[in-house]
Amino acid sequence: METSILYKIRKKAGKIIENQLLKTGRVLDVRYWESADMIEIDLHLPTADMQSWNQIPYIKLCVDDFTFRDYTPFGWDADIATCSLLIDADHDGPGSRWAKSLRTGDTIHYLKMESTRQAPHPTDFVVGLGDASSLGHLLALQQLTMPKARFDGAVLLPNPNCGKLLSEYFSSPLHILPTASEITEWLLKQGYCTAHTWFYLIGNDHFVSELRRLLKSLGHHNIRVKGFWS
Ligand SMILES: Cc1cc2nc3c(=O)[nH]c(=O)nc-3n(C[C@H](O)[C@H](O)[C@H](O)COP(=O)(O)OP(=O)(O)OC[C@H]3O[C@@H](n4cnc5c(N)ncnc54)[C@H](O)[C@@H]3O)c2cc1C
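Residue numbers for the sequence shown follow my numbering, beginning at 1067 and rising by one.
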């Protein structure tokens, strides 16, 4: 009984705080990638200053009471304040459940929009390597790399439908590979120039640490790492 009253007070106080701190946006569209457990969401974020996004941003979204998860906007159009998210929902968690529950027209709440402090090198070759959770980040990295010919990379997507739909929906040089060992083999064949190639490793902590170790063993030192989850 006491616990239930305390819970209600906590929930009400939380709502008041959240309403004062959180910014809002609107869901313009939601696409469920069939048999791929990937959810693509288009958002209108009227108060986000997208003109200033010259580093890859992330958004801290409210996915449940007092519960926040980070996701990466990509494909933004600053003139109309819209962007997209790609949420890997092939596991159970509040963020994954929230993404599955979204419908067109829903209002979303977020705490902040910040920079990941990752931006493509201004002149050298840029190589992005990641997993399903980092697809948005890789596409944002591609978006910020000019000219486009400076960008290359690979993404680990064990689900064949996910890889198929990625290549159908997006024009990207990213190589789609189903296992970590195939990413290793692919990297060994590339012969990237050590002095003028910058690597951006994103996704599962263990995956990015292994990739970093491999690149170091190949003599590369221009490496930026962002572990997303463990
Ligand atoms: C800056 C930043 C940007 C990010 N951008 C994105 C993005 O654009 N898209 C995206 O999908 N994720 C992104 N992530 C990762 C995402 O925030 C985490 O994966 C988050 O933990 C998912 O929350 P959840 O509530 O679904 O699962 P949680 O409750 O956090 O975790 C539940 C369980 O699932 C496992 N888990 C979490 N994520 C995954 C996954 N992707 N695959 C398999 N198992 C998982 C956890 O290890 C745990 O065992 C980003 C993370 C950061 C730090």
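Heads up, the beta-carbon is just placed ideally off N, CA and C, and yes, glycines get one too.
Take the Cβ of residue i as the centre, count every other Cβ of all protein chains shown within 10 Å, and call the residue buried at 16 or more, exposed below.
i, result
"F1132", "exposed"
"N1085", "exposed"
"H1287", "exposed"
"P1123", "buried"
"Y1300", "Summary: the structure shown does not reach residue 1300, with the chain confined to residues 1067 through 1296, and so no result is reported for it."
"P1186", "buried"
"T1189", "exposed"
"P1252", "A small correction: the amino acid at residue 1252 is Trp; Pro does not occupy that position in the sequence shown. Counting Cβ neighbours within 10 Å, W1252 comes out exposed, since fewer than 16 surround it."
"D1154", "buried"
"L1262", "Looking at the sequence provided, one finds His at residue 1262 rather than Leu. Label assigned to H1262: exposed."
"D1145", "exposed"
"T1069", "exposed"
"C1259", "exposed"
"C1206", "The question names Cys, but residue 1206 is Ala in the sequence shown. The residue is buried, with at least 16 neighbouring Cβ atoms inside 10 Å."
"I1082", "exposed"
"T1245", "exposed"
"T1113", "exposed"
"Y1137", "buried"
"A1215", "exposed"
"S1199", "buried"
Inspect the beta-carbon positions of residue i and residue j and report whether they are closer than 9 Å.
i, j, result
"F1265", "D1197", "no"
"T1148", "D1108", "yes"
"P1160", "L1151", "no"
"L1240", "G1269", "no"
"I1105", "R1092", "no"
"W1119", "S1181", "yes"
"T1170", "D1103", "no"
"M1179", "L1111", "yes"
"D1143", "N1225", "no"
"K1089", "L1168", "no"
"S1296", "D1271", "yes"
"L1254", "I1242", "no"
For residue i, report the span of its beta strand (DSSP E) as first-last.
i, result
"C1128", "P1123 to D1130"
"R1290", "I1289 to W1295"
"D1115", "No beta strand (DSSP E) contains D1115, which DSSP labels as neither H nor E."
"T1148", "T1148 to D1154"
"R1092", "K1089 to W1099"
"S1181", "T1173 to S1181"
"D1143", "F1140 to D1143"
"H1262", "No beta strand (DSSP E) holds H1262; DSSP gives it neither H nor E."
"A1220", "F1217 to L1222"
"L1195", "F1191 to D1197"
"L1243", "H1241 to L1243"
Looking at the unbroken alpha helix (DSSP H) that takes in residue i, where does it start and where does it end?
i, result
"W1252", "A1246 to Q1256"
"R1135", "Careful: R1135 lies outside any alpha helix (DSSP H), inside the beta strand (DSSP E) at T1133 to Y1137."
"H1272", "D1271 to S1283"
"G1202", "L1201 to L1210"
"W1164", "P1160 to S1167"
"S1233", "P1226 to Y1235"
When every heavy atom of ligand 1 is checked, does at least one fall within less than 8 Å of the C-beta of residue i?
i, result
"V1129", "yes"
"L1177", "no"
Pocket of ligand 1 defined by Cβ to heavy atom distance under 5 Å: Counting every residue whose Cβ lies closer than 5 Å to a heavy atom of ligand 1, we get Y1124, R1135, D1136, Y1137, T1138, I1153, D1154, H1157, G1159, P1160, G1161, S1162, S1199, G1202, F1294 and W1295.
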